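S.K.: This note's numbering puts the first residue of the sequence shown at 111, with every later residue one more than the last.
Using N, Cα and C, we set each Cβ at its ideal position, and we do this for glycine too.
For clarity, every value in this text was computed on a predicted model and none was experimentally measured.
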Amino acid sequence: MTQPSNQHTDSSAQRITVGELAVRFIEACGVKTAYGVISIHNMPILDAIHQRAQVRFVSARGEAGACNMADAAARVSGIWGVCITSTGTGAGNAAGALVEALTAGTPMLHLTGQIESAYVDRDWGYIHEAPAQLAMLSAVSKAAFRIRDAQSALSILREAHRLAHTPPCGPVSIEIPIDVQAMWMDAPADVSPLPLTPLPPDPQRMDVLAQRLGQARRPLLWLGGGARHAGAAVQRLVDMGWAVVSSVQGRGILAEQHPMSLGAFNVQKPVEALYASVDAMLVVGSRLRSNETLNYKLQLPANRYRIDANPLADQRAYSSDYFVQADADLALHALADRLQARMSIDPTWAQDVAQARLAAEALVDASLGPYVALKDSLNRAVAQTGQGVWWVRDITLSNSMWGNRSLSLDHPRAGVHALGGGIGQGLAMGIGAALAAQVHALGRKTVALMGDGGLMLNPGELACAMQEQASMVVLVMNDQRYGVIQNIQDAMYGGRRCYVDLCTPDFSLLCASLKMPHFLLSSPDQCGPVLAQALAVDGPVMVEVDMNRWGPFATKFAGPPRKEPA
Ligand SMILES: Cc1ncc(C[n+]2csc(CCOP(=O)(O)OP(=O)(O)O)c2C)c(N)n1
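1. So does Leu-208 have its beta carbon nearer than 7 Å to some heavy atom of ligand 1?
2. If you reduce the DSSP assignment to three classes, tell me which class Ala-386 lands in.
3. Compare the C-beta of Ala-176 with all C-beta atoms of chain B and state if any pair is closer than 8 Å.
4. Check whether the stretch 470 to 479 and the stretch 347 to 362 are in contact - that is, three or more C-beta pairs closer than 8 Å.
5. Taking the alpha-carbon positions, what's the Trp-332 to Arg-338 distance?
6. Hey, out of Leu-408, Tyr-481, Leu-445, whose CA is closest to Gly-661's CA?
7. Check the C-beta distance from Cys-621 over to Arg-171 and give it rounded, since I have them as a contact under 8 Å.
8. Looking at the structure shown, is Ser-356 part of a helix, part of a strand, or coil, going by DSSP?
9. So what does Gly-525 bridge to, in DSSP terms?
10. For Trp-234, name the three-state secondary structure that DSSP assigns.
11. Could you tell me if Gly-593 is buried or exposed, where buried requires 16 or more neighbouring beta carbons within 10 angstroms of its beta carbon?
12. DSSP beta-bridge partners for Pro-329?
13. Does ligand 2 have a heavy atom nearer than 7 Å to the CB of Asp-562?
14. From Arg-503 to Asn-514, what does the alpha carbon distance come to, in whole angstroms?
15. Measure how close the beta-carbons of Val-640 and Val-583 come, nearest whole angstrom, since I'm counting them as under 8 Å.
16. Looking at the structure shown, is Tyr-145 part of a helix, part of a strand, or coil, going by DSSP?
17. Here's the rule: buried if 16 or more other CB atoms are within 10 angstroms of the residue's CB, otherwise exposed. What is Gly-604?
18. With a CB to CB cut of under 6 Å and the five nearest residues on each side skipped, what residues in its chain are close to Asp-439?
19. Is any heavy atom of ligand 1 found at a distance shorter than 7 Å from the C-beta of Ile-284?
20. At a cut-off of 7 Å, would you count Val-594 as near ligand 1, judging by its Cβ distance to the nearest heavy atom?
21. Leu-537 and Leu-565 - do their beta-carbons sit closer together than 8 Å?
22. Which parts of the stretch 228 to 287 are runs of the alpha helix (DSSP H), unbroken and 4 residues or longer, counting only runs that do not cross its ends?
23. Can you determine whether any heavy atom of ligand 1 sits closer than 7 Å to the C-beta of Asp-589, and answer yes or no?
24. Closest to Gln-243 by CA distance: which of Val-250, Asp-656, Gly-198, Ala-270 is it?
25. Which term fits Gln-113, buried or exposed, when burial requires 16 or more other beta carbons within 10 angstroms of its beta carbon?
26. Could you give the DSSP three-state label for Lys-379: helix, strand or coil?
27. Taking only heavy atoms of ligand 1 into account, decide whether any of them is closer than 7 Å to the Cβ of Thr-665.
28. Below 7 Å, is the gap between the Cβ of Gly-172 and the nearest heavy atom of ligand 1?
29. Taking the alpha-carbon of Trp-512 as reference, which of Ile-150, Phe-375, Arg-327 has the nearest alpha-carbon?
30. Is it true that the CB of Ala-297 sits closer than 8 Å to the CB of Arg-125?
31. Ignoring anything shorter than 4 residues or poking outside the stretch 163 to 201, list the alpha helix (DSSP H) runs there in chain order.
32. Looking at Arg-416 and Val-393, is the spacing between their C-beta atoms short of 8 Å?
33. Take the Cβ of Val-318 as the centre, count every other Cβ of all protein chains shown within 10 Å, and call the residue buried at 16 or more, exposed below.
34. Take every Cβ of the stretch 540 to 549, pair it with every Cβ of the stretch 176 to 191, and state whether three or more of those distances are shorter than 8 Å.
35. For the alpha helix (DSSP H) containing Ala-409, name the first residue and the last one.
36. Under 6 Å Cβ to Cβ from Val-192, same chain only, skipping five residues before and after it: list those, please.
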């Protein structure tokens with residue numbers, strides 16, 4: 111195998127390795143943290159990170175966690191998330207987390223190794239060999255490339271950055287054979303990324319859209335993750351009298367406390383009833399996914415319009431009367447320009463919106479039983495910090511029942527959630543969010559909500575959280591089982607419970623072994639002070655809710671909500 115040079119940079123100082131080129135490139139993209147696991151097949155890259163000391167490298171305990179961390183870091187900071195894995199098993203370990211990043215449309219770079227070029231695809235049993243690694247990466251990434259020589263390395267890196275940031279955004283994987291990582295090349299004078307040009311709307315199509323929307327008296331914006339950067343334009347429309355509802359990915363584009371916000375209460379019955387009175391709904395940057403639309407059966411307003419950077423969004427899942435392909439921010443500003451002083455809003459609209467929101471919140475609260483105290487106490491404790499939190503959630507009952515709609519979010523990047531529905535990603539996402547907030551000085555503590563089942567998929571990352579001193583509250587809903595699956599068994603499988611009871615560690619001992627502070631919430635009445643204390647801790651802290659002592663929710667959640675028969 112090619113031996114990497116003992117030198118990091120050639121004495122001429124103008125010669126660098128391809129591994130270092132990759133590092134210089136991510137630095138030029140504004141990346142300040144990268145996450146991964148070191149291996150013989152990525153050491154030229156990690157050695158360059160170490161030597162250059164510009165990027166903080168976080169040693170995750172597994173590649174799945176590393177990729178979840180990079181994903182969450184990108185979601186919170188808006189800067190390219192970078193995850194670095196080893197060849198074969200290491201790259202494979204990241205696959206599930208790459209699926210999540212792909213689902214969520216996170217701009218990410220997954221850099222991985224490959225065996226020595228001379229032996230690729232020969233099936234000689236080379237250490238870490240994975241037949242068809244590139245095909246695997248193509249399947250779980252937006253795109254996948256192999257860098258085969260020094261000459262093409264920069265152009266591939268630039269294209270990966272462009273693709274990752276071009277809607278629909280997503281993770282791009284690059285594999286670099288170990289001999290290529292160690293190859294010497296002239297250091298390019300300019301390693302900057304290609305300019306990213308948001309797609310402007312066609313002015314004539316905007317005229318037509320504005321013409322139609324200008325008639326609306328009860329207009330509603332439905333915002334998805336593709337409109338995250340369009341907050342100022344959204345605010346202009348809200349000032350004209352538009353109301354806003356969002357998908358889970360679109361939370362906080364308009365602060366959820368705003369009187370014209372329906373938050374992410376998008377499927378609750380009072381809001382569905384309100385839709386019947388809406389005379390124009392404009393869907394922006396949203397896929398109208400199954401979980402957001404009662405499996406596409408939610409009765410949306412009859413007059414639907416759509417703006418999306420992705421042309422394939424036209425007529426997707428729901429029909430629409432008119433479609434404009436464009437960047438959300440540019441299109442909404444163009445719309446606001448055209449609608450200025452032209453809207454004539456129904457005088458009862460604002461009040462109807464506020465009532466629907468209140469009724470939807472009350473419905474959710476009524477389903478929670480004792481856990482309404484946890485939700486309310488957390489909202490209050492966060493409000494007392496005066497700066498909000500990064501609200502990260504794994505797949506667990508508490509998230510489906512309230513976490514996806516509450517805490518009230520005031521920032522378009524504040525919500526980070528395992529959108530694709532895979533459990534076990536919340537802890538690592540919390541670490542990524544916390545470290546990104548720290549390194550980019552974004553303020554706010556991270557709170558990561560998860561079940562005991564989800565936590566145990568990847569508990570090794572607790573050690574990473576401790577080692578890196580991630581400033582986060584790990585909020586564990588411990589029912590010692592896969593609660594949601596048990597509920598599904600009760601609702602749909604004749605109550606035949608199987609494979610859901612879990613041997614769960616004593617989390618206080620686990621935390622003690624890591625010297626991580628741990629609080630046990632045995633009953634709802636301690637919530638307020640304990641959460642306030644936990645939020646004040648510097649570094650990671652666990653708050654465990656003993657659900658078996660708290661008792662059940664008032665309503666059983668048994669899988670993604672579906673449309674009830676009329
Ligand atoms: C990666 C993955 N494996 C399996 C599942 C199926 N699944 C969905 S929820 C769930 C249980 C989660 O248990 P826990 O984290 O304890 O939360 P609870 O349901 O008890 O609130 C399981 C196994 C999944 N969604 N993702």
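M.R.: Reading from the atomic positions:
1. In the sequence shown, the residue the question calls residue 208 occupies position 98. Result no, Cβ not under 7 Å from ligand 1.
2. The residue given as residue 386 occupies position 276 in the sequence shown. Correct three-state label for Ala-386: coil.
3. As a matter of chain content, chain B is missing from the structure shown, which is built from one protein chain.
4. no
5. Within the sequence shown, the letter at position 222 stands for residue 332. Within the sequence shown, the letter at position 228 stands for residue 338. So the alpha carbons of these two residues sit roughly 12 Å apart.
6. Here the question's residue 661 lines up with position 551 in the sequence shown. Cα-wise, what sits closest to Gly-661 is Tyr-481.
7. In the sequence shown, residue 621 corresponds to position 511, counting from 1. In the sequence shown, residue 171 corresponds to position 61, counting from 1. Actually they do not touch by this definition, with Cβ atoms about 16 Å apart.
8. Within the sequence shown, residue 356 is the residue found at index 246, counting from 1. If DSSP states are grouped into helix, strand and coil, Ser-356 belongs with the strands.
9. Counting from one through the sequence shown, the residue named residue 525 turns up at place 415. Trp-501.
10. Working through the sequence shown from its first residue, we reach residue 234 at position 124. In the structure shown, Trp-234 sits in coil (DSSP, three-state: anything other than H, G, I, E or B).
11. Your numbering for residue 593 matches position 483 in the sequence shown. Buried, by the Cβ-count rule.
12. For the purposes of this step, residue 329 is identified with residue 219 of the sequence shown, where counting begins at 1. Answer is Ala-390, bridged to Pro-329.
13. No copy of ligand 2 occurs in the structure displayed; its ligands are ligand 1 alone.
14. For the purposes of this step, residue 503 is identified with residue 393 of the sequence shown, where counting begins at 1. For the purposes of this step, residue 514 is identified with residue 404 of the sequence shown, where counting begins at 1. Going from the Cα of Arg-503 to the Cα of Asn-514 covers about 8 Å.
15. Here residue 640 refers to the residue found at position 530 of the sequence shown. Here residue 583 refers to the residue found at position 473 of the sequence shown. Not a contact, Cβ separation roughly 10 Å.
16. Indexing the sequence shown from 1 puts residue 145 at position 35. The answer is strand: DSSP assigns Tyr-145 an E or B state.
17. Within the sequence shown, numbered from 1, the residue matching residue 604 stands at position 494. When all chains shown are included, Gly-604 counts as exposed.
18. Taking the sequence shown and counting its residues from 1, one reaches residue 439 at position 329. Taken in chain order, the residues that qualify are His-339, Ala-340, Ala-343.
19. The residue you call residue 284 lines up with position 174 of the sequence shown. No, the Cβ of Ile-284 stays beyond 7 Å of every heavy atom of ligand 1.
20. As a working note, residue 594 is residue 484 in the sequence shown. Result yes, Cβ under 7 Å from ligand 1.
21. Walking along the sequence shown from the start, residue 565 turns up at place 455. Walking along the sequence shown from the start, residue 537 turns up at place 427. Yes, the Cβ-Cβ distance between Leu-565 and Leu-537 is below 8 Å.
22. 243 to 250, 263 to 275
23. Locating residue 589 in the sequence shown gives position 479, where the first residue counts as 1. Yes, the beta carbon of Asp-589 sits closer than 7 Å to at least one heavy atom of ligand 1.
24. Sequence index remark: in the sequence shown, residue 243 carries index 133 (1-based). Nearest of Val-250, Asp-656, Gly-198, Ala-270 to Gln-243, Cα basis: Gly-198.
25. To locate residue 113, count along the sequence shown from 1; it is residue 3. For Gln-113, the predicted model reports a pLDDT of 48, less than 50, meaning its position is unreliable and no value from the coordinates is stated.
26. Along the sequence shown, read from residue 1 onward, the residue named residue 379 stands at position 269. Three-state result, Lys-379: helix.
27. Position 555 of the sequence shown, counting from 1, holds the residue named residue 665. Every heavy atom of ligand 1 is 7 Å or more from the Cβ of Thr-665, so no.
28. By 1-based counting over the sequence shown, the position of residue 172 is 62. Every heavy atom of ligand 1 is 7 Å or more from the Cβ of Gly-172, so no.
29. Indexing the sequence shown from 1 puts residue 512 at position 402. When each option's Cα is compared against that of Trp-512, the closest is Phe-375.
30. Mapped onto the sequence shown, residue 125 falls at position 15. Mapped onto the sequence shown, residue 297 falls at position 187. Yes; because the gap between Cβ atoms is below 8 Å, this pair is in contact.
31. 173 to 187
32. Along the sequence shown, read from residue 1 onward, the residue named residue 393 stands at position 283. Along the sequence shown, read from residue 1 onward, the residue named residue 416 stands at position 306. Yes, they are a contact pair.
33. Locating residue 318 in the sequence shown gives position 208, where the first residue counts as 1. Exposed, because fewer than 16 other Cβ atoms sit within 10 Å of the Cβ of Val-318.
34. yes
35. Taking the first residue of the sequence shown as position 1, residue 409 is located at position 299. The amino acid occupying residue 409 in the given sequence is Gln; Ala does not appear at that position. Segment: none, Gln-409 is in no alpha helix (DSSP H) and carries neither H nor E.
36. Walking along the sequence shown from the start, residue 192 turns up at place 82. Answer for Val-192: Ile-136, Val-141, Ala-144, Ala-180, Leu-219, listed in chain order.
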